[in-house]
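Asker:
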Amino acid sequence: MSGWETIIGLEIHAQLATRSKIFSGSATAYGAPPNAQANLVDLGYPGVLPVLNGEAVRMAVKLGLAIEARIAPTSVFARKNYFYPDLPKGYQISQYELPIVAGGALDIVLEDGKVKRVGITRAHLEEDAGKSLHEGLPGVTGVDLNRAGTPLVEIVSEPDLRSAKEAVAYMKKVHTLVRYLEICDGNMQEGSFRCDANVSVRKAGATKLGTRAEIKNLNSFRFVERAINYEVARQIDLLEGGGEVVQETRLYDPDKGETRSMRSKEEANDYRYFPDPDLLPVALDAAFIESVRATLPELPDQKAARFGSQYGLSAYDAGVLTASRELADYYEAVVRAAPADAKLAANWVMGELAAALNKESLEVTATRMTAERLAGLLKRICDQTISGKLAKEVFEAMWSGGADADAVIAERGLKQITDSAAIERAIDEVFSKNPGQLAEYRAGKDKLFGFFVGQVMKATGGKANPAQLNELLRKKLGG
Amino acid sequence: MALTREQIESIAALARLELSAAEVPVYQDSLSRILDFVGALERADTASVAPMAHPLPGLSQRLRPDTVTEQDRHAEYQQNAPLTAAGLYLVPRVIE
Amino acid sequence: MSELHHIGLAGAAAGLRARRFSSVELAETFLKRIERNQETLNAFISVTRAQALSDAAAADRALAAGDGGALTGVPIAHKDLFCTRGVRTTCGSCILDNFVSPYDATVVAKLKHAGAVMLGKTNMDEFAMGSSNETSYYGTVRNPWDPRLVPGGSSGGSAAAVAARLVPGATATDTGGSIRQPAALCGITGLKPTYGRVSRYGMVAFASSLDQGGVLTVSAADAALMLREMAGFDPNDSTSVEREVPDYVALLGEPIAGLRVGLLKEFFDKGLDPGNERRVREALKVFESLGARLTEVSLPNLPLSVPVYYVVAPAECSSNLARFDGVRYGHRCEQPRDLQDLYRRSRGEGFGAEVKRRIMTGTYVLSAGYYDAYYLKAQRVRQLISADFTRAFASVDVLIGPTTPTPAFAIGAKTADPITMYLNDIYTIGANLAGLPAVSVPCGFVGKLPVGLQIVGPHFSEARLLTAAHAYQRATDWHTQVPEGYA
Ligand SMILES: [Mg+2]
Ligand SMILES: [Zn+2]
Chain A
1 MSGWETIIGL EIHAQLATRS KIFSGSATAY GAPPNAQANL VDLGYPGVLP VLNGEAVRMA
61 VKLGLAIEAR IAPTSVFARK NYFYPDLPKG YQISQYELPI VAGGALDIVL EDGKVKRVGI
121 TRAHLEEDAG KSLHEGLPGV TGVDLNRAGT PLVEIVSEPD LRSAKEAVAY MKKVHTLVRY
181 LEICDGNMQE GSFRCDANVS VRKAGATKLG TRAEIKNLNS FRFVERAINY EVARQIDLLE
241 GGGEVVQETR LYDPDKGETR SMRSKEEAND YRYFPDPDLL PVALDAAFIE SVRATLPELP
301 DQKAARFGSQ YGLSAYDAGV LTASRELADY YEAVVRAAPA DAKLAANWVM GELAAALNKE
361 SLEVTATRMT AERLAGLLKR ICDQTISGKL AKEVFEAMWS GGADADAVIA ERGLKQITDS
421 AAIERAIDEV FSKNPGQLAE YRAGKDKLFG FFVGQVMKAT GGKANPAQLN ELLRKKLGG
Chain B
480 MALTREQIES IAALARLELS AAEVPVYQDS LSRILDFVGA LERADTASVA PMAHPLPGLS
540 QRLRPDTVTE QDRHAEYQQN APLTAAGLYL VPRVIE
Chain C
576 MSELHHIGLA GAAAGLRARR FSSVELAETF LKRIERNQET LNAFISVTRA QALSDAAAAD
636 RALAAGDGGA LTGVPIAHKD LFCTRGVRTT CGSCILDNFV SPYDATVVAK LKHAGAVMLG
696 KTNMDEFAMG SSNETSYYGT VRNPWDPRLV PGGSSGGSAA AVAARLVPGA TATDTGGSIR
756 QPAALCGITG LKPTYGRVSR YGMVAFASSL DQGGVLTVSA ADAALMLREM AGFDPNDSTS
816 VEREVPDYVA LLGEPIAGLR VGLLKEFFDK GLDPGNERRV REALKVFESL GARLTEVSLP
876 NLPLSVPVYY VVAPAECSSN LARFDGVRYG HRCEQPRDLQ DLYRRSRGEG FGAEVKRRIM
936 TGTYVLSAGY YDAYYLKAQR VRQLISADFT RAFASVDVLI GPTTPTPAFA IGAKTADPIT
996 MYLNDIYTIG ANLAGLPAVS VPCGFVGKLP VGLQIVGPHF SEARLLTAAH AYQRATDWHT
1056 QVPEGYA
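Chains as they are written, first to last, in the working numbering: chain A, 1 to 479; chain B, 480 to 575; chain C, 576 to 1062.
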């Protein structure tokens, strides 16, 4: 693939976390029985009219402010006309010429640690379509319009992405951001966050963009990566074989790991956009925009920078801990309860806790290992009640049972021995049981130092404070 | 502005309207005449005139509070539907 | 002339309140007239006799108890594009032949709330596309003044019904003249309010930026009463305007002395029938005698209003009518081979010729490569026309001219050429493009046929228009003339 450059732009559809639909008072909750949440407006009944949900507007503005974009003082809803059974009115209400948000950017961190700025052309409000179902319906398609009219914000990037990895990093960044902003639940299985990828290739050094293909409806990070990689290889193969890339819409088949042409949707695509006469221009004044700005939370990049300076974390650790607002909040709650060692807290949250959550596919907000309980454990490490090694055992006990750190330590007798006299006694005992090794050591076999550490640890049930043990052992052996 | 037979057929296809063979020339004739008639617009000087999408100037879109006001009435609404099953509207199989 | 069916809308309301007759009596009287004249006039698509009588009985009980609204017990009819809960709503189209609305249009709900009793749904041009009522799937409506002639359209059923005194008042809609033109051709009063004055929710859309619901009644006083009850802000219609509804009835008696009347030069053009012109000029004399001051004004871009309309209205209609696809309601073709066949045949069979023509015109003017030249261009010229009106209203209070170029014409006379038919609305379309209120009142006859006088005002000047029309009707009796055979 050398000699080729990949150009990718993403159109991300994020479902806005409103209670009701963008143009009707129907609920947006996931999983209702078919058409139970489709009212007359959603069904496109004769005579009904759309009325805009103010919360959807606020959410789009929130996004726009977070990516430092321009918020349009006037934006306009248009109709995108096409026939499809999941599109009840025969048109989708979307913003076309005048979107609510234009000209923003997001930074992503590349694999080599470099920061890359990805331009965001625009973000516009629109309504989602319904769902077509085929399973168990021989010869027919069933249409469920519960999702029709669900508010979406479509975030369109510049063609700034140069690899599938960059595309995924960008998509993850947007995913993090919309969840921080609480404007989208980010649930990709339920379709709340999905993207279309515009992919083209060109000879390295070329300035003109190649012909692009649009891969529709990718609903996992893994699929985005695989679909783009497949598509890039396909296009390069085509071009190297003397062929041409056709501008078209393609669908990714996760079972086969391929993209294929969706010619059916291409046929006679002339969307005949025009301003929707049922809706007026959306006018936003400075007061409205400022009222939304006042609700902006600390954003992921700001939070990561603060974690670096306030807690002395590396950029990498700060990035991991701020990937979700919940994880960051959890981390800060741990540090608040056990302030002595913020770096230790970071290691535990990213290490033991993350692994345990991952194993059981739990969200950080759903764990019984609350920040306070974990802090309880960390405090015992800091005050040397237990060693770091035994702390892992305590953590496991706390995770599977309900007891707190102190109870586990007491019950299992894991309290670290920090009494010098007791450790010295144990050392003496080991010396007396292993006279041969002692003689060898003294004769110059330094390697046996570790042997003595192990023996003393064994004798104390692993509870001897390691630093103290080292120091005392060295003194005694040297003596 | 004389429209061809093919143009009428492609407009009808875009609008999802089945036309009989006899209807095509009729629409060919009348649409061509309508386009000639509205062609008079060309003569108006509209340089620097903004398009007017809405008859009342200066109004802007009202924003609705985000509240759920609707109940499940699909059974009632589907009484008007030509074909349904298990709460779904049915159409001939759509292959993607 | 003393029979109950000449009572008029306001008269009916007053008589009911005074208990001079009952609502059931009134409903029976009009239902009989509707049924007796259905074959000749074909003014109704549905007559809701049983429901009407039970609603009338309920109204009588309310009146006896001393409750009730401004229209309690008053019979009315709705144009069949207002959705009426539990009642078939066809829009004059085969595609909605079996459609029963699960909800009431806001206008219907408001009139119900005021106590009005619906007798039925009136015939109309299919989806309000027509100026003669000849495009209805349910057949042509006949003009009560001469059954060989058209009643005008698209609200021809409502107009014929009121003119023949089958009902004292009816709702109607006006996208390019569909209230005023049939009012003129049937010799009654028709008011198209300011765009946004009356909710469009539940009014099946033809061209959303032009459609406006209004009233057809015998007199301006009746129109004032009916409009007062159906106008007002509706949160379900984003284009309805949050603005108080004046008491049009209370304002009717205001003097019109000093009213500055503009004579639209462009309205008195070569297309105007000399007979119509004579009647309109006589009416202007009456206004002068009432103290109005006449001046001539010119709206140079107005002659382009019909071409603008025949781009904008079809464009919007092509999109508005996409929802009629045979999936969720309405006509579906037999045995569709596949989805595309289902769409094409359901729509091809369900829509009539004129509706298909407009859908195709609209599809074309919005399509790639033609959007700028047609749609955008038309919206720019629309701006020019609107600006012409604004300029005119800086120096006059109202504009007065003819409603139509000619009196009612023969059924079939203009169906061959769509352009000839479209030019019927040459004097009415301007008000729709600019969103202005306008009223048509009878101002005499050419031969045996009524002629309409149109008064156009600035946005939200309905009270002024009704006051002027009322003053004229107090000075004349054209509006009280009843077609032969319907006295
Ligand atoms: Mg897109
Ligand atoms: Zn989209």
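Every residue gets a Cβ at the ideal spot worked out from N, C-alpha and C, and that includes glycine.
Which full runs of the alpha helix (DSSP H) of 4+ residues lie inside the segment 730 to 780 of chain C, going along the chain?
Answerer: Listed in chain order, they are 731 to 738 and 755 to 761.
Asker: Measuring straight from C-alpha to C-alpha, what distance separates A/Ala439 and A/Val456?
Answerer: Those two C-alpha atoms are separated by around 17 Å.
Asker: I need the DSSP call for C/Ser706, collapsed to helix, strand or coil.
Answerer: Reduced to three states, the DSSP call for C/Ser706 is coil.
Asker: Give the single residue among A/Thr150, A/Trp348 and A/Ala407 whose Cα lies nearest to the Cα of A/Lys389.
Answerer: Closest by alpha carbon: A/Trp348.
Asker: Taking only beta-carbon positions, decide if B/Tyr506 is within less than 8 Å of chain A.
Answerer: Closer than 8 Å: no.
Asker: Between the Cα of C/Thr1051 and those of C/Ala747, C/Leu1028 and C/Tyr1061, spot the shortest distance and give me the residue it belongs to.
Answerer: It is C/Leu1028.
Asker: Within 8 Å, do at least three Cβ pairs link the segment 56 to 64 of chain A to the segment 148 to 161 of chain A?
Answerer: Because the criterion of three Cβ pairs below 8 Å is met, the segment 148 to 161 of chain A and the segment 56 to 64 of chain A touch.
Asker: Ignore the nearest five residues each way along the sequence and tell me which others in A/Glu266's own chain have a CB closer than 7 Å to its CB.
Answerer: Note that A/Glu266 scores 49 on pLDDT, short of 50, meaning its location in the model is unreliable; the coordinates nonetheless yield the value given after this. Cβ within range, chain order: Glu248 and Thr249.
Asker: Classify C/Val887 as helix, strand or coil using the three-state DSSP reduction.
Answerer: DSSP places C/Val887 in helix when its eight states are reduced to three.
Asker: For a cutoff of 8 Å on Cβ pairs, would you count B/Ser539 as touching chain A?
Answerer: Chain A contact via Cβ: present.
Asker: Straight-line CA distance for A/Ser420 to A/Thr370?
Answerer: One C-alpha to the other measures close to 35 Å.
Asker: Cβ of A/Ser94 within 7 Å of any heavy atom in ligand 2?
Answerer: Checking the Cβ of A/Ser94 against ligand 2 gives yes.
Asker: Between C/Ala888 and C/Gly789, how many whole angstroms is the CB-CB distance? I'm expecting something under 8 Å.
Answerer: Their Cβ separation, rounded to whole angstroms, is 17 Å, which puts C/Ala888 and C/Gly789 out of contact at 8 Å.
Asker: Looking at the C-beta of B/His553, does it have a partner C-beta in chain C at a distance below 8 Å?
Answerer: No, B/His553 does not count as interfacial toward chain C.
Asker: Is any non-hydrogen atom of ligand 2 found closer than 7 Å to the C-beta of A/His13, if you look at the structure I gave you?
Answerer: A/His13: yes, Cβ under 7 Å from ligand 2.
Asker: Does the beta-carbon distance from C/Cys658 to C/Ala680 come in below 8 Å?
Answerer: Yes, these two residues count as a Cβ contact at 8 Å.
Asker: In chain B, which residues lie less than 8 Å from A/Ala38 when you measure between Cβ atoms?
Answerer: Near A/Ala38 (Cβ distances below 8 Å), the residues of chain B are His553 and Tyr556.
Asker: Bridge partners for A/Ala464 per DSSP, in chain order?
Answerer: For A/Ala464, which the question treats as bridged, DSSP gives the partners A/Ile417.
Asker: Inspect the beta-carbon positions of C/Ala796 and C/His1045 and report whether they are closer than 8 Å.
Answerer: Yes, they are a contact pair.
Asker: Could you tell me which chain A residues have their CB closer than 8 Å to the CB of B/Gly566, listed as they occur along the chain?
Answerer: Chain A residues near B/Gly566: Pro33, Pro34, Asn35, Ala36 and Asp144.
Asker: Closer than 6 Å by C-beta to C/Arg957: which residues in its own chain qualify, once you throw out the five before and the five after it? Chain order, please.
Answerer: So the qualifying residues of the chain are Val883 and Leu1008.
Asker: My output table needs one value for C/Gln910: the three-state DSSP class, helix, strand or coil.
Answerer: C/Gln910: coil per DSSP, three-state reduction.
Asker: Counting Cβ pairs closer than 8 Å, one from the segment 348 to 364 of chain A and one from the segment 373 to 391 of chain A, do we hit at least three?
Answerer: At 8 Å Cβ cutoff, the stretches touch.
Asker: What residues of chain A sit near C/Asn811, judged by a beta carbon separation below 7 Å?
Answerer: In chain order: Leu49 and Val51.
Asker: Please indicate yes or no: does the CB of A/Glu126 lie closer than 7 Å to some heavy atom of ligand 2?
Answerer: Yes, Cβ of A/Glu126 sits closer than 7 Å to a heavy atom of ligand 2.
Asker: Can you tell me where the alpha helix (DSSP H) holding A/Ala206 begins and where it ends?
Answerer: A/Ala206 -> no alpha helix (DSSP H), and no H or E assigned at all.
Asker: Sorted by chain position, which residues of the same chain lie with C-beta nearer than 7 Å to C/Phe842's C-beta, five sequence neighbours on each side aside?
Answerer: Counting only Cβ-Cβ distances below 7 Å, and skipping sequence neighbours, we find Gly976, Pro977 and Tyr1002.
Asker: Strictly under 8 Å for the Cβ-Cβ distance: is B/Arg522 near chain A by that measure?
Answerer: Chain A contact via Cβ: absent.
Asker: I'd like the list of long-range same chain contacts for A/Gly3, defined as Cβ closer than 8 Å, with 5 residues on each side in sequence excluded.
Answerer: So the qualifying residues of the chain are Lys203 and Ala204.
Asker: Which value, in whole angstroms, describes the spacing of the CA atoms of C/Phe519 and C/Phe899?
Answerer: Missing from the structure shown is residue 519 of chain C; chain C here goes from 576 to 1062 and no further.
Asker: In chain B, which residues lie less than 8 Å from A/Ala391 when you measure between Cβ atoms?
Answerer: Per Cβ cutoff of 8 Å: no residues; A/Ala391 is ~47 Å from chain B at best.
Asker: Beta carbon of A/Asn229, beta carbon of A/Ala164: below 8 Å?
Answerer: Going by C-beta atoms, A/Asn229 is nearer than 8 Å to A/Ala164.
Asker: Taking only the alpha-carbon atoms, compute the straight-line gap between C/Tyr1061 and C/Val742 and give it to the nearest angstrom.
Answerer: Answer to the nearest angstrom: the Cα atoms are 12 Å apart.
Asker: Quick one: is B/Leu542 near chain A, going by C-beta distance under 8 Å?
Answerer: Taking Cβ atoms only, chain A reaches closer than 8 Å to B/Leu542, which makes this a yes.
Asker: Closer than 8 Å, CB to CB, is A/His134 near chain B or not?
Answerer: Closer than 8 Å: yes.
Asker: Which residue wins for smallest C-alpha separation from A/Arg272, given the options C/Ala890, C/Leu694 and C/Leu839?
Answerer: Cα-wise, what sits closest to A/Arg272 is C/Ala890.
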